[in-house]
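*Asks:* In my numbering, the protein residues as written are 2 to 532.
By construction, the Cβ of each residue, glycine as well, lies at the ideal position given by its N, Cα and C atoms.
Remember, it's a predicted structure, so these values are computed and weren't measured experimentally.
Next up, the structure:
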């Protein structure tokens with residue numbers, strides 16, 4: 002347990018910081034037991050406490066068993082089932098205009114949900130978009146309250162038993178009371194429906210003529226339904242015959258394709274964070290002679306080469322520098338720059354060519370031919386041509402694929418990554434670890450296999466094109482989404498691509514260009530990084 006002193010708006014506060022639940026080092030009962038011991042023995046809590054703030058991460062589920070148990074421990078054991086207005090549940094990082102905030106409001110109105118139940122008992126449910134401000138506001142809300150002694154500060158001998166009964170009970174035990182409430186609610190509704198039914202039955206005599214008309218209409222609708230079902234079965238048979246004729250055996254859903262793209266973007270994020278952290282910890286202090294937190298991108302040894310490498314201009318906002326000459330912290334700069342380079346590598350080196358294993362001239366010729374086919378044929382015909390042509394090039398030779406990937410990575414490191422590190426540190430001794438090459442190899446291999454599936458197996462779903470945006474592009478909210486948007490600040494320019502986007506193209510023939518649909522917006526870093 003840690004105690005912190007803080008002052009806001011002239012009011013002094015003493016905060017007790019506890020380890021979080023679901024802890025790797027301590028189980029939940031041990032955490033609660035230590036807190037009880039601190040509350041009983043610490044001189045600072047002798048007069049009681051003003052309130053309890055439970056911080057819930059916005060990404061964690063609001064209806065999980067764990068969430069219900071933790072709030073039950075706080076309300077029943079620590080507060081003794083009363084004074085729940087002393088409890089604040091703070092849900093962090095929630096966009097006030099986004100779906101997360103709407104979900105919280107709906108949960109508060111739902112008496113069957115965890116949040117709704119504790120809200121009805123008096124607990125305050127607060128959603129905050131700004132992490133620090135929301136926490137400070139929650140603290141200041143207790144400024145006018147008086148301290149009370151919690152039931153756990155009394156010498157009760159059954160505290161541990163109470164904790165175990167809540168935190169170690171089975172899901173069936175945890176939801177017994179909820180099931181009882183559900184049954185009561187259903188019984189109440191059943192009684193209401195019975196009253197409605199009785200009223201309808203009393204009016205039944207007045208509706209006989211309408212009923213006969215309804216019976217006549219029902220017969221007519223039944224005949225129509227039979228005809229439509231027959232037509233539907235015939236269409237299904239014809240469609241199945243067509244699929245069999247074309248040998249289309251797709252077993253993919255668009256959601257599966259989107260999930261695989263999200264996995265690739267997370268892989269990019271993991272690698273860039275790992276490399277930037279390694280470079281910062283290993284080389285920044287020795288190369289610059291300062292604490293890494295004091296070093297920015299503006300301290301790079303060769304700024305002019307860095308501007309050229311990242312397609313930036315002095316005096317304009319970029320990953321290297323803001324328009325007024327401010328730099329990013331060196332670790333953040335390396336993270337964003339490497340992430341942008343990896344996104345660009347995959348889009349240009351793997352996804353854009355007709356096939357990443359052939360030379361650029363062959364790829365360009367096949368792409369031109371395919372664009373012509375897309376304008377003349379339907380998606381089924383065009384996709385079949387693309388699939389057959391790709392498969393005639395592609396051979397599932399793991400050794401050959403590995404060789405192609407290594408060649409692509411060596412070119413990337415020689416022309417992009419090493420020049421970046423040399424420009425920043427001014428020395429070729431600043432290099433990444435061997436494990437980072439292996440991680441990048443696995444990333445490119447994953448992208449390679451995904452690309453092979455999209456171009457060689459997916460036909461009727463359409464053609465999926467991966468998108469990255471160049472630095473200095475104008476920010477377009479229709480096709481882009483901002484990385485860590487700043488509330489109230491509108492971005493204007495793109496500094497780099499942080500996550501690859503996805504567009505679907507469906508050929509319609511007749512000399513028309515394919516229909517384009519945005520599936521996933523490209524995630525970009527913008528000029529708001531410097532706000």
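Residue 466 lies in the beta strand (DSSP E); which residues open and close that run?
*Replies:* It spans 464-468 - the beta strand (DSSP E) in which residue 466 sits, taken as one unbroken run.
*Asks:* Looking at the secondary structure, which residues open and close the beta strand (DSSP E) in which residue 344 lies?
*Replies:* Premise fails: residue 344 lies in the alpha helix (DSSP H), 331-347, not in any beta strand (DSSP E).
*Asks:* Taking residue 72 and residue 55 to be in contact with their CB atoms under 8 angstroms, please state how far apart those CB atoms are, rounded to whole angstroms.
*Replies:* At roughly 7 angstroms, the Cβ-Cβ gap stays under 8 angstroms, so residue 72 and residue 55 are in contact.
*Asks:* Please classify residue 266 as buried or exposed, where buried requires at least 16 neighbouring CB atoms within 10 angstroms.
*Replies:* So residue 266 counts as buried.
*Asks:* Here's the rule: buried if 16 or more other CB atoms are within 10 angstroms of the residue's CB, otherwise exposed. What is residue 110?
*Replies:* Exposed, by the Cβ-count rule.
*Asks:* Among all the DSSP beta bridges, which residues are the ones paired with residue 14?
*Replies:* DSSP lists 7 as partners of residue 14.
*Asks:* Just how far apart, CA to CA, sit residue 350 and residue 454?
*Replies:* Their backbone Cα atoms lie some 16 angstroms apart in a straight line.
*Asks:* Just curious, the beta strand (DSSP E) that residue 402 is in, first and last residue?
*Replies:* It is not in any beta strand (DSSP E) - residue 402 instead sits in the alpha helix (DSSP H) that spans 399-413.
*Asks:* According to DSSP, is residue 55 helix, strand or coil?
*Replies:* Residue 55: strand per DSSP, three-state reduction.
*Asks:* Can you tell which of 430, 530, 475 and 501 has its C-alpha closest to the C-alpha of residue 490?
*Replies:* Ranking the options by Cα distance to residue 490, first place goes to 530.
*Asks:* Considering only residues of the same chain and omitting the five flanking positions on each side of residue 64, which have a CB-CB separation below 7 angstroms?
*Replies:* So the qualifying residues of the chain are 114 and 115.
*Asks:* Where residue 133 and residue 456 are concerned, what is the direct C-alpha to C-alpha distance, given to the nearest angstrom?
*Replies:* Near 47 angstroms, if we compare the C-alpha coordinates of residue 456 and residue 133.
*Asks:* Where does residue 236 land, buried or exposed, given buried means 16+ other C-beta within 10 angstroms?
*Replies:* Residue 236 comes out exposed.
*Asks:* Give me the Cα-Cα distance between residue 311 and residue 112, rounded to the nearest whole angstrom.
*Replies:* Answer to the nearest angstrom: the Cα atoms are 54 angstroms apart.
*Asks:* Out of curiosity, what's the CA-to-CA distance linking residue 372 and residue 471?
*Replies:* For residue 372 and residue 471, the distance between alpha carbons rounds to 24 angstroms.
*Asks:* Between residue 377 and chain D, is any beta-carbon pair separated by less than 8 angstroms?
*Replies:* No chain D appears in the structure shown, which is made up of a single protein chain.
*Asks:* Relative to the C-alpha of residue 268, which residue among 507, 289 and 442 is closest?
*Replies:* Of the listed residues, the one whose Cα sits closest to residue 268 is 442.
*Asks:* Is the Cβ-Cβ distance between residue 434 and residue 492 less than 8 angstroms?
*Replies:* Going by C-beta atoms, residue 434 is not nearer than 8 angstroms to residue 492.
*Asks:* Note down, in chain order, each residue of its chain lying with its Cβ closer than 6 angstroms to the Cβ of residue 68, except the 5 sequence neighbours on either side.
*Replies:* Within the same chain, residue 68 has close Cβ partners 115.
*Asks:* Between the Cα of residue 129 and the Cα atoms of 307, 303, 188 and 106, which residue gives the shortest distance?
*Replies:* Nearest of 307, 303, 188 and 106 to residue 129, Cα basis: 106.
*Asks:* Is the distance from the Cβ of residue 280 to the Cβ of residue 431 below 8 angstroms?
*Replies:* Going by C-beta atoms, residue 280 is nearer than 8 angstroms to residue 431.
*Asks:* Compute the Euclidean distance between the alpha carbons of residue 478 and residue 151, then round it to the nearest angstrom.
*Replies:* So the alpha carbons of these two residues sit roughly 51 angstroms apart.
*Asks:* Between which two residues does the alpha helix (DSSP H) holding residue 101 run?
*Replies:* Counting along the chain, the alpha helix (DSSP H) containing residue 101 begins and ends at 100-110.
*Asks:* What number of angstroms, rounded off, separates the C-alpha of residue 6 from the C-alpha of residue 13?
*Replies:* Cα to Cα, the separation comes out at about 7 angstroms.
*Asks:* Can you look up residue 534 in the DSSP assignment and give me helix, strand or coil?
*Replies:* Outside the shown range of the chain (2 to 532) lies residue 534, about which nothing can therefore be said.
*Asks:* Measure the CB-CB distance between residue 391 and residue 437 and report whether it falls below 8 angstroms.
*Replies:* Cβ distance not < 8 angstroms, so residue 391 and residue 437 don't count as in contact.
*Asks:* Compute the Euclidean distance between the alpha carbons of residue 404 and residue 410, then round it to the nearest angstrom.
*Replies:* Going by the C-alpha atoms only, they are around 10 angstroms apart.
*Asks:* Could you please give the first and the last residue of the uninterrupted alpha helix (DSSP H) stretch that includes residue 310?
*Replies:* Where residue 310 is concerned, the enclosing alpha helix (DSSP H) stretches over 304-310.
*Asks:* Would you kindly check if the distance between the Cβ of residue 469 and the Cβ of residue 348 is under 8 angstroms?
*Replies:* Contact: yes.
*Asks:* If you measure between the beta carbons of residue 498 and residue 284, is that distance less than 8 angstroms?
*Replies:* Taking 8 angstroms as the Cβ cut-off, residue 498 and residue 284 do not qualify as a contacting pair.
*Asks:* Would you call residue 40 buried or exposed, if buried means 16 or more other Cβ atoms sit within 10 Å of its Cβ?
*Replies:* Label assigned to residue 40: buried.
*Asks:* Would you report the Cα separation of residue 487 and residue 532, rounded to the nearest angstrom?
*Replies:* C-alpha separation (whole angstroms): 8 angstroms.
*Asks:* In terms of alpha-carbon separation, which member of 44, 407 and 90 lies closest to residue 346?
*Replies:* The option with the nearest alpha carbon to residue 346 is 407.
*Asks:* Could you give the residue range of the alpha helix (DSSP H) that holds residue 46?
*Replies:* Careful: residue 46 lies outside any alpha helix (DSSP H) and carries neither H nor E.
*Asks:* Less than 8 angstroms between the CB atoms is what I'm expecting for residue 503 and residue 480, so what's the real figure, rounded?
*Replies:* 11 angstroms between Cβ atoms; not a contact.
*Asks:* Quick one: what's got a C-beta closer than 6 angstroms to residue 163's C-beta in the same chain, skipping five residues either side?
*Replies:* 78.
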